[in-house]
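Engineer: Before anything else, here's the structure in question.
Written out as structure tokens, the structure reads:
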């Protein structure tokens, strides 16, 4: 039975065992239409069914800003989303750039079915079940404007999605002038984020990092958004949007060779978060 009652009754939490754990959808008691998806207690997505432009998670807001300033603002984009969850960003883009063609790749088929049943998404968003890297291998060259990689197994990015070989596959799928955006998580001393920056810089000419200042300084654990492109990024406009957020983030250019690029032979999962970093009660 859906967590969104048709009879006007108060929504209620629903949960289901999916391929990668226990998924739970919890209604936002302070906002009609707001839903939080967790997987084994770790927040994965927040969706506002009434207003898809309402983005609760700070890192999602940052990716949305990038999509906002991508070339020809307001016009449709072709976007490949690696990692689906509850499809927060695809819903946002469908609202802000109507007519966009979006492909979402989600490994967990039962999770996709769970979301489709309770939080159906609008037309123009195609969701397929499969591994992100395998999906990239079958994408036509230069066929999308943006590749967004936001893939976590639990709270860690799988190793095979962190290598130069993987980033090259993403770059091959992107049209000239497009960009690659990867959501990562790391903490002091930012060894993983530095290695990932070097990895993206080994493929793309222009690379930027986005995170809260305390995270960039290596003072605490948090999300880091890595952006790569072969054309100059609209850094000034993006920086202004990031600075205006309730939790402002800073955009900085990638440092010169701060670490060695990661290859398939050396790749490891991202580090586990500190206890309690993402879990909720």
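Residue numbers (UniProt numbering): 1 to 281.
Backbone N, C-alpha and C define an ideal beta-carbon position, used for all residues, glycine too.
Thinking just about the alpha-carbon of each residue, which of 162, 222, 114 is nearest to the one in residue 22?
Structural biologist: Here the question's residue 22 lines up with position 22 in the chain shown. It is 114 whose Cα lies nearest to the Cα of residue 22.
Engineer: Closest to residue 217 by CA distance: which of 251, 130, 273 is it?
Structural biologist: By one-based count along the chain shown, residue 217 stands at place 217. Comparing Cα-Cα distances from residue 217 to each of 251, 130, 273, the minimum goes to 251.
Engineer: In or out: residue 128 buried (at least 16 other Cβ within 10 Å) or exposed?
Structural biologist: Numbered from its first residue, the chain shown carries residue 128 at position 128. The residue in question, residue 128, is exposed, as its Cβ has fewer than 16 Cβ neighbours within 10 Å.
Engineer: Three-state secondary structure (DSSP) at residue 90?
Structural biologist: As a first step, residue 90 is located in the chain shown; it is residue number 90 there, counting from the start. Helix.
Engineer: How is the beta strand (DSSP E) around residue 249 delimited, first residue to last?
Structural biologist: The count along the chain shown starts at 1 and reaches residue 249 at position 249. Element bounds for residue 249: n/a, residue is neither H nor E.
Engineer: Going along the chain, which unbroken runs of the beta strand (DSSP E) with 3 or more residues stay wholly within the stretch 195–220?
Structural biologist: Segments of the beta strand (DSSP E) lying fully in the stretch 195–220: 206–211.
Engineer: When DSSP labels each residue in this structure, what does residue 85 get in the three-state scheme?
Structural biologist: Position 85 of the chain shown holds residue 85. Three-state DSSP puts residue 85 in coil, outside helix and strand.
Engineer: Any contact between the stretch 237–255 and the stretch 170–190? By contact I mean 3 or more CB pairs, one from each, below 8 Å.
Structural biologist: At 8 Å Cβ cutoff, the stretches do not touch.
Engineer: Please report the straight-line C-alpha distance between residue 170 and residue 206, rounded to a whole angstrom.
Structural biologist: Against the chain shown, residue 170 aligns to sequence position 170. Against the chain shown, residue 206 aligns to sequence position 206. Cα-Cα distance, rounded: 15 Å.
Engineer: Looking at residue 259 and residue 198, is the spacing between their C-beta atoms short of 7 Å?
Structural biologist: Sequence index remark: in the chain shown, residue 198 carries index 198 (1-based). Sequence index remark: in the chain shown, residue 259 carries index 259 (1-based). In contact: residue 198 and residue 259 (Cβ atoms closer than 7 Å).
Engineer: Between the Cα of residue 227 and the Cα atoms of 221, 210, 215, which residue gives the shortest distance?
Structural biologist: Translated into positions along the chain shown, residue 227 becomes position 227. Per the Cα distances, 210.
Engineer: Just list the alpha helix (DSSP H) runs in the stretch 141–187, keeping only unbroken ones of 4 residues or longer that don't cross its boundaries, in chain order.
Structural biologist: You should have 164–173.
Engineer: Helix, strand or coil, according to DSSP, for residue 274 in the structure here?
Structural biologist: The residue you call residue 274 lines up with position 274 of the chain shown. Coil, per DSSP.
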